[in-house]
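Residues 1 to 328 in full-length UniProt numbering are what the sequence shown lists, from first letter to last.
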Amino acid sequence: SLYLSYEAAKYFNHVMCTHSLAKDDIYAVAYSFEKAESINSTYEHQTSYVSKHHFSFVESSEVMMTNIKRVQQAIVEGETYQVNYTARLTDNIYYPISTLYERLTQFSNGNYTALLQTDEIQVASISPELFFQKGQFNNVDNVIISKPMKGTMPRGKTEAEDQQYYKTLQTSSKDRAENVMIVDLLRNDIGRISQSGSIKVYKLFFIEAYKTVFQMTSMVSGTLKTNTDLTQILTSLFPCGSITGAPKLNTMKYIKQFESSPRGIYCGAIGLLLPTEDDKMIFNIPIRTIEYKYGQAIYGVGAGITIDSKPKDEVNEFYAKTKILEML
């Protein structure tokens, strides 16, 4: 398995602009395992859980809205089209990270979850977002797939409200514009390492339902060139465009300018490389992810900012993405 912080981007492309991590922080680490093991969460364990967490934003809503306006000014000046602006929440540490992972997987339905609990790394990722998967797809070997998320709406309190939010996201021109920008970016990134003419887009603007939010997703695939290895894949794709914005290189400069701290594992990647004949691998984007660092529990949220964004609505989206923390 592989842990890649967002700030590891500079290893793959030295012109990528990020914060530097603290002196003793880890940019990347790999682990190997002799066999796979499953984690079983017991009902008795979960019923004995006592909620203690009260995560709070490091910056105020006013500061976040001001930064969103600054992003939009950069868009007006033609420096970027979309910036995935993010913010951090923190809280004290009350439980082992494995306890939070068990708790969150009990009450969430992210498809790309990961628990890292070692001497160096303490991460519980309940991510719903696929960074990339390499293997067989539609009976074709050596295919790479990415499924970026762009577009979010909270779940409703009633069935009628839930359906209204679903339809609002499904027909939102703003969210579709955000989504297609990132799809185009990923078509370009995947195209650099894929066979000519093999790039395809599936399920454009598909709405996925999670327990606290609706997400708009699309799927991009390509058939890799012969002998394309992991380093080449990461050099072309990392970090994923869905958590930077577009164009990637210039937008990353604004991320560093407007975000006050490193992202760490949030918006980086956690991957699993399997010992199969087709060298299957799968990486998530660690959103909906808690990391223990500096004696704190740290959680990140973000939103794609475009010229049509309303700062207050984007901050409300931040809060919608913290709903998962209410289980803690």
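Beta carbons are placed, not taken as given, at the ideal position from N, Cα and C, and that holds for glycine.
Can you tell me whether V71 is buried or exposed, with buried defined as 16 or more other CB within 10 angstroms of its CB?
Sequence index remark: in the sequence shown, residue 71 carries index 71 (1-based). V71 comes out buried.
As a quick exercise: from Y101, F132, S194 and T212, pick the residue whose alpha carbon is nearest that of M153.
Position 153 of the sequence shown holds residue 153. Out of Y101, F132, S194 and T212, T212 has the C-alpha closest to the C-alpha of M153.
Write down the C-beta distance between S221 and I193 rounded to the nearest angstrom, noting that I regard them as a contact closer than 8 Å.
Counting from 1 along the sequence shown, the entry for residue 221 is found at position 221. Counting from 1 along the sequence shown, the entry for residue 193 is found at position 193. The pair is not a contact, with the Cβ atoms about 12 Å apart (cut-off 8 Å).
F12 and residue 337 - do their beta-carbons sit closer together than 9 Å?
The first residue shown for the chain is 1 and the last is 328, placing residue 337 beyond what the model contains.
Between the Cα of R103 and those of S125, V183, R88 and D119, spot the shortest distance and give me the residue it belongs to.
For the purposes of this step, residue 103 is taken as the residue at position 103 of the sequence shown. Looking at the Cα atoms, S125 is the closest of the given residues.
Tell me which same chain residues have a C-beta within less than 6 Å of the C-beta of V83, skipping the five on either side of it?
The sequence position of residue 83 within the sequence shown is 83, counting from 1. Excluding sequence neighbours, V83 sits near V71, G245, T251, Y254 and I305.
Look up K147 in the DSSP assignment and give the residues it is bridged to.
As a working note, residue 147 is residue 147 in the sequence shown. Partner(s): L130.
Give the range of the beta strand (DSSP E) segment to which V58 is assigned.
Here residue 58 corresponds to residue number 58 of the sequence shown, with the count starting at 1. Per DSSP, V58 belongs to no beta strand (DSSP E) and is neither H nor E.
Quick test of your reading: P311 and I68, contact by CB under 8 Å. State the CB separation rounded to the nearest angstrom.
Here the question's residue 311 lines up with position 311 in the sequence shown. Here the question's residue 68 lines up with position 68 in the sequence shown. With 8 Å as the limit, P311 and I68 qualify as a contact, their Cβ atoms being about 4 Å apart.
Please go through the same chain and pick out, in chain order, the residues whose beta-carbon is closer than 7 Å to the beta-carbon of H54, but skip the five residues on each side of it.
Here residue 54 corresponds to residue number 54 of the sequence shown, with the count starting at 1. Taken in chain order, the residues that qualify are D91.
May I have the straight-line CA-CA distance separating T231 from K280, to the nearest angstrom?
Numbered from its first residue, the sequence shown carries residue 231 at position 231. Numbered from its first residue, the sequence shown carries residue 280 at position 280. Computed Cα separation, rounded: 14 Å.
Let me know the secondary structure DSSP gives Q215 once reduced to three states.
By one-based count along the sequence shown, residue 215 stands at place 215. Reduced to three states, the DSSP call for Q215 is strand.
I need the boundaries of the beta strand (DSSP E) containing E208, first residue and last residue.
The residue you call residue 208 lines up with position 208 of the sequence shown. Residues K200 to A209.
Name, in chain order, the residues that DSSP records as bridge partners for P262.
Along the sequence shown, one-based indexing puts residue 262 at 262. Answer by DSSP bridge pairing: none, since P262 is not bridged.
So for T18, helix, strand or coil by DSSP?
The residue given as residue 18 occupies position 18 in the sequence shown. If DSSP states are grouped into helix, strand and coil, T18 belongs with coil.
State buried or exposed for F131, treating a residue as buried only when at least 16 other CB atoms are found within 10 Å of its CB.
Counted from its first residue, the sequence shown places residue 131 at position 131. Flag for F131 reads buried.
Cα separation between T158 and Y166?
Taking the sequence shown and counting its residues from 1, the one referred to as residue 158 is at position 158. Taking the sequence shown and counting its residues from 1, the one referred to as residue 166 is at position 166. If I take the Cα positions, the gap works out to 12 Å.
Which whole-angstrom value describes the C-beta separation of D278 and D141, a residue pair presumed to lie in contact below a C-beta threshold of 8 Å?
For the purposes of this step, residue 278 is identified with residue 278 of the sequence shown, where counting begins at 1. For the purposes of this step, residue 141 is identified with residue 141 of the sequence shown, where counting begins at 1. Right, their Cβ atoms sit about 6 Å apart.
Which two residues bound the contiguous alpha helix (DSSP H) that contains R288?
What you label residue 288 is simply residue 288 of the sequence shown in a count that begins at 1. It is not in any alpha helix (DSSP H) - R288 carries neither H nor E in the DSSP assignment.
Between which two residues does the alpha helix (DSSP H) holding G191 run?
On the sequence shown, position 191 is the one that residue 191 refers to. Taken as a continuous stretch (DSSP letters only), the alpha helix (DSSP H) holding G191 covers S173 to G191.
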